[in-house]
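*Asks:* In my numbering, the protein residues as written are 24 to 524.
Backbone N, C-alpha and C define an ideal beta-carbon position, used for all residues, glycine too.
The model shown is predicted, which means the values in this text are computed figures rather than measured ones.
Quick one: the structure is below, questions incoming.
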RNA sequence: GGCCGAGUACCCAAGUGGUCUAAGGGAACGGAUUGCAAAUCCGUGAUUCGCGGGUUCGAAUCCCGCCUCGGCCUCCA
């Protein structure tokens, strides 16, 4: 069965066929902005892109996956899309400066908060750390191929070239305020991706378009490509004066630079559909003269937390590192964020995280059991080999991860059969998409701290109590550990512990 | 206001016209095991798919209306 994906552009399921059957699949993902740590909602989108990439590989294609790290600051004011308010990178700098004063920065961090490049680099490296823990393949590849995770600040020349092309082709103009705008009326297909066609935008209005900028633009939906501003915190020379690029420009420029004018796949969160991706399509198609920028547009719906929209004020806002510090394994977080279909809103819960951990532990135990009976040469396919067939066909059906996991779990309940080597191979193959076995342990930060020291002392006390058969004392110690949020397990190799999540 | 998704057991979730008296996981409960736990193993668990109509021999699945939740309509993954 071929891989079928839902394409936002056509609003339908389509068989996936790469543009170039001999070359790699060209895949661009909208990555993080680095003026803060990425939260779990961001990671749901990035991880779904990773699952898609791994699924395409499971189907036998090679993939060239690019994910940008946006290190230019965007503006804070949401009532002015054409550039207004404070740059978010300088805002982040102020936040870091305050954290520095109050001693809230991680030890050993030496950073100049007034330097936006340093701020960006600080958060970018933290993002890469989180992303690698979670098994984002492109972040792993970035170690040896840094160009796969491009930074807009290093691609300003490409952006300027793109603006020049658009002006030369009549798709962009310099307005009386000196700002370069894209002319949406020059691109009749504008609105095809999001449904926000030009007539609808005019009708909708929504009161979000400021009158001052309206006056100089040919159409209210015209968007900024270059803003001259000699006072801006991050600025570059350009034919239109010293300033900074529009926020849709970087993806068009970097995708073209690294993948070519026409790509197979482009992913992002659902909120990117409009205006960001709509504007990318307009820029890229007008610059290339081709009917498509990306053949398929893949959008992940938003994540809720405990049934509510995630927000800092509700206290249900989590970054990946918050959870790692609580002892959550990267594997459990990865599974919790990817196990629900990407086109439905998923609900992140602590209970869900525990459910995922249990599943992963059972899969690991099954793998260990297979290893233990290695050498068994039973003929015929065993349950995991049969499950792999269903697993792959579920993923090929628009990434039905839940059904794929169901197939794997069902195999676990069957009587073991088949060659254990082939069975382990099938399980390993499923894990090439799930990506959980290699990250099923809490991070060091969660196991080597003050709590760990205290737990070690308590466990020793309990060991002595048990040796003396003083079970009342032993149980008191366990109660104390439970109160500290620690679960213990007596096994043949002694007692192990973990934080209860 | 306009446009788009979604509502399946205590929780997560698959299933989109007959094989559904609805997969799978977790929780819970009963049993085996354990000093007691944990883990493991065995077993129990929706006659029903937000609500009300309709189409059909047959509906969780299609149609209409209503309710609830979520998203987008130039901050956002």
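Output the residue ranges of the alpha helix (DSSP H) runs that lie fully inside the region 472-507 and measure 4 residues or longer, sorted by chain position.
*Replies:* Whole alpha helix (DSSP H) segments, 4+ residues: 473-490 and 494-506.
*Asks:* Work out the CA separation of residue 179 and residue 59 for me, nearest whole Å.
*Replies:* Your numbering for residue 59 matches position 36 in the first chain. Your numbering for residue 179 matches position 156 in the first chain. Roughly 22 angstroms between the two C-alpha positions.
*Asks:* Among 112, 216 and 164, which has the Cα closest to the Cα of residue 302?
*Replies:* Counted from its first residue, the first chain places residue 302 at position 279. It is 216.
*Asks:* Taking its Cβ as the centre, do 16 or more other Cβ atoms sit within 10 Å of residue 417, making it buried, or is it exposed?
*Replies:* Stepping through the first chain from its first residue, residue 417 is reached at position 394. Residue 417 should be labelled buried.
*Asks:* So what does residue 263 bridge to, in DSSP terms?
*Replies:* What you label residue 263 is simply residue 240 of the first chain in a count that begins at 1. DSSP lists no partner for residue 263.
*Asks:* Terminal residues of the continuous alpha helix (DSSP H) containing residue 156?
*Replies:* Here residue 156 refers to the residue found at position 133 of the first chain. 139-156 is the extent of the alpha helix (DSSP H) around residue 156.
*Asks:* Drop a sphere of 10 angstroms on the beta-carbon of residue 79, count the other beta-carbons inside from all chains shown, and report buried for 16 or more, exposed for fewer.
*Replies:* Here residue 79 is taken as the residue at index 56 of the first chain, counted from 1. By the neighbour-count rule (16 or more Cβ atoms within 10 Å), residue 79 is buried.
*Asks:* Tell me whether the beta-carbon of residue 251 lies closer than 8 angstroms to the beta-carbon of residue 266.
*Replies:* Residue 251 sits at position 228 when you count from the first residue of the first chain. Residue 266 sits at position 243 when you count from the first residue of the first chain. Yes. Within cutoff.
*Asks:* On the three-state DSSP scale, how would you describe residue 45?
*Replies:* Locating residue 45 in the first chain gives position 22, where the first residue counts as 1. DSSP places residue 45 in coil when its eight states are reduced to three.
*Asks:* On a Cα-Cα basis, can you pick out the residue from 76, 204 and 500 that is closest to residue 246?
*Replies:* What you label residue 246 is simply residue 223 of the first chain in a count that begins at 1. For residue 246, the nearest C-alpha among the options comes from 204.
*Asks:* Taking 8 angstroms as the limit between beta carbons, can you name the residues of its chain near residue 452, skipping five residues before and five after?
*Replies:* Translated into the one-based positions of the first chain, residue 452 becomes position 429. The answer, listed in chain order, is 81 and 411.
*Asks:* Grouping DSSP H, G and I as helix and E and B as strand, with all else coil, what is residue 300?
*Replies:* Counted from its first residue, the first chain places residue 300 at position 277. Three-state result, residue 300: helix.
*Asks:* If distances are taken between C-alpha atoms only, which option among 320, 504 and 359 comes closest to residue 289?
*Replies:* Looking up residue 289 in the first chain gives position 266. Per the Cα distances, 320.
*Asks:* Classify residue 491 as buried or exposed, calling it buried when 16 or more other Cβ atoms lie within 10 Å of its own Cβ.
*Replies:* Position 468 of the first chain, counted from the first residue, corresponds to residue 491. Under this definition residue 491 is an exposed residue.
*Asks:* So residue 325 packs on residue 54, CB below 8 angstroms; how close in whole Å?
*Replies:* In the first chain, the residue the question calls residue 325 occupies position 302. In the first chain, the residue the question calls residue 54 occupies position 31. Incorrect: roughly 17 angstroms between the Cβ atoms, too far for contact.
*Asks:* What span of residues does the beta strand (DSSP E) with residue 323 cover, start to end?
*Replies:* If you number the first chain from 1, residue 323 lands on position 300. Run containing residue 323: 317-323, per the beta strand (DSSP E) assignment.
*Asks:* In the structure shown, what three-state DSSP assignment does residue 521 receive?
*Replies:* As a first step, residue 521 must be located in the first chain, where it is residue number 498. Correct three-state label for residue 521: strand.
*Asks:* Could you tell me which of 358, 408 and 409 sits nearest to residue 384, measuring between CA atoms?
*Replies:* Taking the first residue of the first chain as position 1, residue 384 is located at position 361. Answer by Cα proximity: 358.
*Asks:* Tell me, please, whether the region 274-291 touches the region 45-54 by the rule of three or more beta-carbon pairs shorter than 8 angstroms.
*Replies:* These segments touch.
*Asks:* Taking the alpha carbon of residue 464 as the point to measure from, which residue in 506, 380, 511 and 507 has its own alpha carbon closest?
*Replies:* Residue numbering aside, residue 464 sits at position 441 when the first chain is read from its first letter. Residue 464 has its Cα closest to that of 380, out of 506, 380, 511 and 507.
*Asks:* Which residues bound the beta strand (DSSP E) around residue 38?
*Replies:* Here residue 38 refers to the residue found at position 15 when the first chain is read from its first residue. That run of the beta strand (DSSP E) goes 35-38.
*Asks:* If we ignore side chains and look at the alpha-carbon of each, how far apart do residue 232 and residue 238 end up?
*Replies:* The residue given as residue 232 occupies position 209 in the first chain. The residue given as residue 238 occupies position 215 in the first chain. Note on residue 232: pLDDT 46, under 50, position unreliable in the model; the coordinate value appears next. Computed Cα separation, rounded: 11 angstroms.
*Asks:* With a 10 Å radius around its C-beta and 16 neighbouring C-beta atoms as the bar for buried, classify residue 90 as buried or exposed.
*Replies:* Numbered from its first residue, the first chain carries residue 90 at position 67. Its Cβ being crowded by 16 or more others within 10 Å, residue 90 is buried.
*Asks:* Look up residue 455 in the DSSP assignment and say whether it is helix, strand or coil.
*Replies:* Within the first chain, residue 455 is the residue found at index 432, counting from 1. Residue 455 falls in the helix class under three-state DSSP.
*Asks:* Can you give the Cα-Cα distance for residue 86 and residue 112, rounded to whole angstroms?
*Replies:* As a position in the first chain, residue 86 is number 63, starting the count at 1. As a position in the first chain, residue 112 is number 89, starting the count at 1. One C-alpha to the other measures close to 32 angstroms.
*Asks:* Using the C-alpha atoms, what's the distance from residue 77 back to residue 530?
*Replies:* The first residue shown for the chain is 24 and the last is 524, placing residue 530 beyond what the model contains.
*Asks:* Spatial neighbours of residue 353 within its chain, please: C-beta separation below 6 angstroms, excluding the five flanking residues on both sides.
*Replies:* Position 330 of the first chain, counted from the first residue, corresponds to residue 353. Within the same chain, residue 353 has close Cβ partners 156, 157 and 462.
*Asks:* Would residue 485 be called buried (16 or more neighbouring beta carbons within 10 Å of its own) or exposed?
*Replies:* As a first step, residue 485 must be located in the first chain, where it is residue number 462. By the 10 Å Cβ count, residue 485 comes out buried.
*Asks:* If you reduce the DSSP assignment to three classes, tell me which class residue 280 lands in.
*Replies:* What you label residue 280 is simply residue 257 of the first chain in a count that begins at 1. DSSP places residue 280 in helix when its eight states are reduced to three.
*Asks:* Anyone know if the C-beta pair for residue 474 and residue 504 falls short of 8 angstroms?
*Replies:* In the first chain, the residue the question calls residue 474 occupies position 451. In the first chain, the residue the question calls residue 504 occupies position 481. No; because the gap between Cβ atoms is not below 8 angstroms, this pair is not in contact.
*Asks:* Give, in chain order, every unbroken run of the alpha helix (DSSP H) that is at least 4 residues long and sits entirely within the region 55-100.
*Replies:* For the region 55-100, whole alpha helix (DSSP H) runs of length 4 or above, ordered along the chain, are 63-81.
*Asks:* If residue 547 and residue 110 are in contact, beta carbons under 8 angstroms, what's the gap, nearest whole angstrom?
*Replies:* Past the edges of the chain, shown from 24 to 524, lies residue 547, and the structure says nothing about it.
*Asks:* Applying the 10 Å Cβ sphere with the 16-neighbour rule, what's the burial state of residue 368?
*Replies:* What you label residue 368 is simply residue 345 of the first chain in a count that begins at 1. Counting Cβ neighbours within 10 Å, residue 368 comes out exposed, since fewer than 16 surround it.
*Asks:* Going by Cα to Cα distance, which pick from 73, 131 and 434 is closest to residue 456?
*Replies:* Walking along the first chain from the start, residue 456 turns up at place 433. For the residues 73, 131 and 434, the minimum Cα distance to residue 456 belongs to 73.
*Asks:* Name the one or two DSSP bridge partners that residue 326 has.
*Replies:* As a working mapping, residue 326 is identified with position 303 in the first chain. 369, per the DSSP bridge assignment.
*Asks:* Taking the alpha-carbon of residue 334 as reference, which of 33, 40, 306 and 62 has the nearest alpha-carbon?
*Replies:* The sequence position of residue 334 within the first chain is 311, counting from 1. Selected option, being the one with the closest Cα: 62.
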